[in-house]
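Here the structure is laid out as C-alpha cells; the discussion comes afterwards.
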Amino acid sequence: QVRLVESGGGLVQAGGSLRLSCAASGIRASINNMAWYRQAPGKQRELVASITSGGSSNYADSVWGRFTISLDSARNTVYLQMNSLKPEDTAVYYCNTMPPYPRFWGQGTQVTVSS
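This is the structure in C-alpha cells:
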C-alpha cells in the first residue's frame, strides 16, 4: 500500500522560509517522477514543482527561483524548500507522482504566509 505523508507546513511571515517533507512508503520515489502540488481555498489543485527519476526538476512560473524540489533516495523522501514566501503561497501542499495517481493523495500540509 502506497502512503505519502507530508509534513513541515506552518505559519510564516512573508519573506520567510519553510521546508516541506514527503515521506513515501510502498513506492520508490527515486524511480518515479514525483511532484508537489498545492490547493488554495476556492481554487483548483495546481502543480508547483516536479522532479523526474533522472533528477531533472521543473517549477511553476509563480515559484520559479524561490522553491527547490529535491529527493533523498536513502530516506525515500521528497522535499520542497520554499524561500521568499508570499501570502499567495498560502495553500495546502501535497506530494504525489507526476502525473498524480488519485489513490496516492495524502492529507497534505498547510502552509500559511502572513503579510
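Per the working numbering, residue 851 is the first one in the sequence shown, and the count goes up by one each step.
We put the beta carbon where it would ideally sit given N, CA and C, even for glycine.
Cutoff 8 Å: residue i Cβ touching any chain B Cβ
i, result
"leucine 897", "Annotation note: the requested chain B is absent from the structure, which comprises a single protein chain."
Identity of the residues DSSP links to residue i by a beta bridge
i, result
"alanine 941", "Val961"
"phenylalanine 917", "Met932"
Reference residue i, options the options, closest by Cα
i, options, result
"serine 912", "Glu896, Phe954, Ile901", "Glu896"
"glycine 915", "Asn933, Arg925, Gly859", "Asn933"
"glycine 892", "Val855, Thr940, Leu868, Ser964", "Thr940"
"cysteine 872", "Ala864, Pro950, Asn926", "Asn926"
Through-space distance from residue j to residue i, alpha-carbon basis
i, j, result
"cysteine 945", "phenylalanine 954", "9 Å"
"alanine 899", "proline 937", "18 Å"
"glycine 859", "asparagine 883", "22 Å"
"cysteine 958", "glutamate 856", "According to the sequence displayed, residue 958 carries glycine and not cysteine. Each residue's alpha carbon lies about 5 Å from the other."
"valine 961", "arginine 878", "26 Å"
"glutamine 910", "glutamine 851", "A small correction: the amino acid at residue 910 is alanine; glutamine does not occupy that position in the sequence shown. Answer to the nearest angstrom: the Cα atoms are 30 Å apart."
Status (buried if at least 16 other CB within 10 Å, exposed otherwise) for residue i
i, result
"aspartate 922", "exposed"
"valine 928", "buried"
"tyrosine 943", "buried"
"arginine 888", "buried"
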